[in-house]
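Colleague:
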Amino acid sequence: MGSGEWVVVDGSMGEGGGQILRTAVALAAVLGRPLRIVNIRAKRRPPGLRPQHLTAVRAVAAISGGKLRGAEVGSTSLEFMPGRVRGGRYRFDVGTAGSVALIIQALAPVLAYSDSPVEVELTGGTDVPMAPTIDYMREVFARIVAMLGYEIEIRVLRRGHYPRGGGRVVVRVPDPPGGFRARSFVERGPLKGVYVRSHAVRLPGSIAERQARSAASLVRERLGVEPIVRIEAYKPHSDPHLGPGTGVLVWAVFGETVMGGDSIGKKGKPAEVVGREAAESLLEDMATGAALDRHMSDMAPVYLALAGGVSTVFGARLTGHASTILELLSIMVDGFEYRILEGGLERPFKAELRGAGVSPR
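Take the position in the sequence shown, starting the count at 1, then add 14; the result is the number in the numbering used here.
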């Protein structure tokens with residue numbers, strides 16, 4: 015499938031999950047490096063590509079004009095020959111309630127290197143288990159990458175929850191930066207405000223209110239500040255969603271960073287527990303003194319590895335995901351180096367990342 019300097023990635027490294035696949039394909043598109051991944055999800059049952067992974071891979075390939083081999087459900091190896099990242103409008107369906115946020119994670123680094131404005135409409139799950147919520151992506155992720163010089167707009171047209179899905183999200187990059195600025199996230203700076211967004215669709219609005227009250231109460235108790243609360247609920251005759259679902263995001267805006275915690279509801283889970291979980295997630299990460307929460311500790315290294323210069327981060331938790339991604343970045347991004355300065359796996363950590371300064375090809 016073509017020639018050139020192939021990079022080979024063992025998909026069973028570290029946690030051996032789908033994040034290796036999504037990140038490796040995104041990096042290959044940015045760097046223009048032919049990629050071969052073997053042992054895909056070898057430690058999971060069932061192993062191999064699942065439908066949601068295929069959507070991410072095919073989306074990156076479409077936007078980068080790439081060619082794929084082995085892109086089918088159950089495949090444990092994949093070859094990807096990237097082309098050039100092109101702007102324009104694209105649409106991808108993740109299928110039922112597959113996570114839209116995880117597709118955005120794969121696409122976002124690639125879209126930054128587009129040769130012109132780009133817009134992507136995604137259909138799938140916006141608030142589903144085992145993934146950041148779409149509110150987290152637009153209120154925390156988008157604000158953090160903006161600090162690196164990358165303006166990405168994430169607009170929610172309709173939410174989608176497990177199992178029905180059907181959510182619709184538009185991701186827009188009006189002025190692709192073609193790279194990222196190095197930036198340290200060590201000091202948080204002064205707390206400017208805490209926010210709660212609670213939603214309930216195809217369910218009584220009182221559920222969203224109970225979630226919000228629970229989250230806000232914990233914030234008041236622990237931080238001594240009054241959060242700004244936003245309730246999202248719908249009257250039965252004007253609710254456009256396909257199925258019921260709820261969720262909460264609690265986020266804190268500081269002078270130098272943004273941190274968040276989220277939680278989603280499920281049948282039999284009290285609204286008060288949903289709200290408390292979201293607030294606890296944020297408050298636990300804040301209590302470490304870190305400047306990046308657990309989700310951004312996973313996501314930020316990709317951007318800092320591609321940035322030009324040295325960045326230092328203080329993350330709330332060095333997850334297995336983050337550790338694996340750092341190793342993957344070392345394999346794929348020539349010139350990238352990192353050092354863990356303090357802490358360790360599943361603990362708060364400080365790390366120094368020397369970015370490669372990757373520019374558009």
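Every residue gets a Cβ at the ideal spot worked out from N, C-alpha and C, and that includes glycine.
1. Please tell me whether Val267 and Leu205 are closer than 9 Å, where the distance is taken between their beta carbons.
2. Would DSSP call Leu49 helix, strand or coil?
3. DSSP state of Ile166, grouped into three classes?
4. By alpha-carbon positions, which one of Ala56, Glu133, Pro60, Leu41 ends up nearest to Met95?
5. Identify whether Val74 lies in helix, strand or coil by the three-state DSSP scheme.
6. Considering Cα atoms alone, identify which of Glu86, Leu306, Met144, Val316 is closest to Gly329.
7. Could you check which residue in Glu366, Lys283, Leu49 has the C-alpha nearest to that of Thr260?
8. Taking the runs of the alpha helix (DSSP H) that are 4 residues or longer, which of them lie wholly in the segment 81–146?
9. What do you reckon, are the CB atoms on Ala126 and Leu318 nearer than 9 Å?
10. To which residues of the same chain is Val56 closer than 8 Å at the C-beta, ignoring the five residues directly before and after it?
11. Might you give, ordered along the chain, the residues of its own chain that have their beta carbon closer than 6 Å to the beta carbon of Ala222, omitting 5 neighbours on each side?
12. Using the beta-carbon count (16 or more within 10 Å), is Ala301 buried or exposed?
13. Mind checking Ile242: buried by the 16 CB within 10 Å criterion, or exposed?
14. Assuming Ser311 and Leu332 form a contact by the criterion Cβ under 8 Å, report the distance between their Cβ atoms to the nearest whole angstrom.
15. Report yes if the CB atom of Gly180 is closer than 9 Å to the CB atom of Arg169, and no otherwise.
16. In the DSSP output, what is Val208 paired with across the bridge?
17. Can you say whether Gly16 is buried or exposed, counting buried as having 16 or more other CB atoms within 10 angstroms of its CB?
18. Once DSSP output is grouped into helix, strand and coil, what is the label at Gly16?
19. Using a threshold of 9 Å, state whether the C-beta atoms of Leu92 and Ile117 are closer than that.
20. Leaving aside the five residues before and after Gly303 along the sequence, list all residues of the same chain whose C-beta is less than 6 Å from its C-beta, in chain order.
21. Can you tell me which of the three DSSP states Arg182 falls into?
22. Tyr248 by DSSP, collapsed to three states: which one?
23. When you compare only the Cα positions, how much space is there between Ala377 and Arg224?
24. Nearest-angstrom Cα distance between Leu297 and Gly334?
25. Assuming Gly192 contacts Gly138 (C-beta within less than 8 Å), just tell me the rounded distance between them.
26. Identify every run of the alpha helix (DSSP H) within the segment 306–362, keeping only runs that are complete inside it and at least 4 residues long; order them along the chain.
Modeller: With the structure as the only source:
1. As a position in the sequence shown, residue 267 is number 253, starting the count at 1. As a position in the sequence shown, residue 205 is number 191, starting the count at 1. Against a cut-off of 9 Å, the Cβ pair of Leu205 and Val267 comes out as a contact.
2. On the sequence shown, residue 49 is found 35 positions in, with the first residue counted as 1. Leu49 falls in the strand class under three-state DSSP.
3. Translated into the one-based positions of the sequence shown, residue 166 becomes position 152. The answer is coil: DSSP assigns Ile166 none of H, G, I, E or B.
4. Position 81 of the sequence shown, counting from 1, holds the residue named residue 95. Among Ala56, Glu133, Pro60, Leu41, the Cα nearest to that of Met95 belongs to Leu41.
5. Numbered from 1 along the sequence shown, position 60 holds the residue referred to as residue 74. If DSSP states are grouped into helix, strand and coil, Val74 belongs with the helices.
6. On the sequence shown, position 315 is the one that residue 329 refers to. Nearest C-alpha to Gly329: Leu306.
7. The residue given as residue 260 occupies position 246 in the sequence shown. With distances taken between Cα atoms, Thr260 lies closest to Lys283.
8. 114–125
9. What you label residue 126 is simply residue 112 of the sequence shown in a count that begins at 1. What you label residue 318 is simply residue 304 of the sequence shown in a count that begins at 1. No. Outside cutoff.
10. Taking the sequence shown and counting its residues from 1, the one referred to as residue 56 is at position 42. Residue 56 is actually Ala in this sequence, not Val. The residues are Gly25, Ser26, Gly30, Thr90.
11. If you number the sequence shown from 1, residue 222 lands on position 208. If we look at Ala222 and ignore the five residues flanking it on each side, its Cβ neighbours are Ser212, His213, Ala214, Ile245, Ala247.
12. Your numbering for residue 301 matches position 287 in the sequence shown. Result: exposed.
13. As a position in the sequence shown, residue 242 is number 228, starting the count at 1. The residue is exposed, with fewer than 16 neighbouring Cβ atoms inside 10 Å.
14. The residue you call residue 311 lines up with position 297 of the sequence shown. The residue you call residue 332 lines up with position 318 of the sequence shown. That pair is a contact at about 7 Å.
15. Within the sequence shown, residue 180 is the residue found at index 166, counting from 1. Within the sequence shown, residue 169 is the residue found at index 155, counting from 1. The answer is no: Cβ separation not under 9 Å.
16. Residue mapping note: residue 208 aligns to position 194 of the sequence shown, counting from 1. DSSP lists Ala266 as partners of Val208.
17. On the sequence shown, residue 16 is found 2 positions in, with the first residue counted as 1. Bear in mind that a pLDDT of 43 at Gly16, under 50, signals an unreliable position, so the model cannot answer this.
18. To locate residue 16, count along the sequence shown from 1; it is residue 2. Caution is warranted here: a pLDDT of 43 is assigned to Gly16, below 50, making its placement in the model unreliable, and no coordinate value can be reported.
19. What you label residue 92 is simply residue 78 of the sequence shown in a count that begins at 1. What you label residue 117 is simply residue 103 of the sequence shown in a count that begins at 1. No, the pair does not count as a contact, with Cβ atoms beyond the cut-off.
20. If you number the sequence shown from 1, residue 303 lands on position 289. Cβ within range, chain order: n/a, list empty.
21. To locate residue 182, count along the sequence shown from 1; it is residue 168. Strand, per DSSP.
22. Here residue 248 corresponds to residue number 234 of the sequence shown, with the count starting at 1. Three-state DSSP puts Tyr248 in coil, outside helix and strand.
23. Only positions 15 to 375 of the chain appear in the structure, and residue 377 is not among them; the question remains open.
24. As a first step, residue 297 must be located in the sequence shown, where it is residue number 283. As a first step, residue 334 must be located in the sequence shown, where it is residue number 320. Taking the straight line from one Cα to the other gives about 21 Å.
25. Counted from its first residue, the sequence shown places residue 192 at position 178. Counted from its first residue, the sequence shown places residue 138 at position 124. Their Cβ separation, rounded to whole angstroms, is 28 Å, which puts Gly192 and Gly138 out of contact at 8 Å.
26. 308–320, 334–346
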